[in-house]
Every structure is written in C-alpha cells, then in structure tokens.
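Participant: Sequential numbering of the sequence shown, starting at 0, is according to numbering that gives the first Met the number 0. C-beta: ideal position from N, C-alpha, C; glycine also. The model shown is predicted, which means the values in this text are computed figures rather than measured ones.
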Amino acid sequence: MPRYETEWIDYALGAGQEFSAAVCGYSGRVRHLYIGRDPVRRAFARHVDVEEEFCRQGDHCLDLDCPLNRSQPEHLLHMLDMNEDEPLDAETARLWGTGSTLQGFLLFARKISAELPEALRRRREPLGD
Numbered sequence: 000m001p002r003y004e005t006e007w008i009d010y011a012l013g014a015g016q017e018f019s020a021a022v023c024g025y026s027g028r029v030r031h032l033y034i035g036r037d038p039v040r041r042a043f044a045r046h047v048d049v050e051e052e053f054c055r056q057g058d059h060c061l062d063l064d065c066p067l068n069r070s071q072p073e074h075l076l077h078m079l080d081m082n083e084d085e086p087l088d089a090e091t092a093r094l095w096g097t098g099s100t101l102q103g104f105l106l107f108a109r110k111i112s113a114e115l116p117e118a119l120r121r122r123r124e125p126l127g128d
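1) Can you pull the DSSP bridge partners for Arg2?
2) Answer yes or no: do Ser26 and Trp7 have a C-beta to C-beta separation smaller than 8 Å?
3) State the Cα-Cα distance for the pair Gly13 and Phe107, rounded to the nearest angstrom.
4) For Gly57, does the count of other Cβ atoms within 10 angstroms reach 16, so buried, or fall short, so exposed?
5) Would you kindly report the start and end of the unbroken alpha helix (DSSP H) that includes Arg40?
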C-alpha cells in the first residue's frame, strides 16, 4: 500500500499559544491539528496509506474535502481530545460563524490548508519501501 508522508508544521497564535498542523502528503491539506508540540502524537501520525481510492487513516482525518475521508463526528472529537462538542464563546462564534467548537476547528483546518505553501498543497510522491 503506497504510503504518503505527513508533514508537521508548527504555529503560534498572537497570544503565544503553540499548535501544530499535520499536512497530508496525499491530499495536500491539513489532516490533524494539535495544541502544543507533542512528539508522541507526531510519531503516530507520520504518514497516510492510500490504495485503490481507500485511505487507511480516512476515518480519523480533519480534511473533510478529501474524497477518501470517512470521518464521523465522534472520531473528529476524539482526535481533538474532546468527549463531546462544546459551544464556543459568543465572540469566537460570531467571528467563525458557528457556535460549535468542532466546526470551528474544521473551518480553521480549511483556512490553514488554503494558506499552505504551494509545495505542500500538492500530492507528493509516495515514500519508498
């Protein structure tokens, strides 16, 4: 099964909060977000396996625009270390146009994906054996 590398990119918000985004080497979009810089999480999300229009990681992926995505809301919440969706504060909800924390994260992942360097936004070659 061809394996595509995941590239982790580190960011910091204006208030100094650090977070990391995992960019899928197959779709070229954000597949995972994590607050902080956890090396263990990176060790588990190093690649995606894709074969015959099936992605082995497709049921735990924030890239809902990928045709191989099969993620259900409960899996997305688990990926974001949440047991259930939580309401956003009023100001954040107004800015994002949603009261849902999960939907806010999905919008954030799409925004980051749209602003990635072009080299990351295209499909990369599968990793060698």
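Facilitator: Judging by the given coordinates:
1) In the DSSP output, where bridge partners are listed per residue, Arg2 has Asp48.
2) Against a cut-off of 8 Å, the Cβ pair of Trp7 and Ser26 comes out as no contact.
3) Between Gly13 and Phe107, the C-alpha separation is close to 15 Å.
4) Counting every other CB atom within 10 Å of its CB across the protein chains shown gives Gly57 a total of 16 or more, marking it as buried.
5) Counted as a single uninterrupted DSSP element, the alpha helix (DSSP H) harbouring Arg40 occupies residues 38-43.
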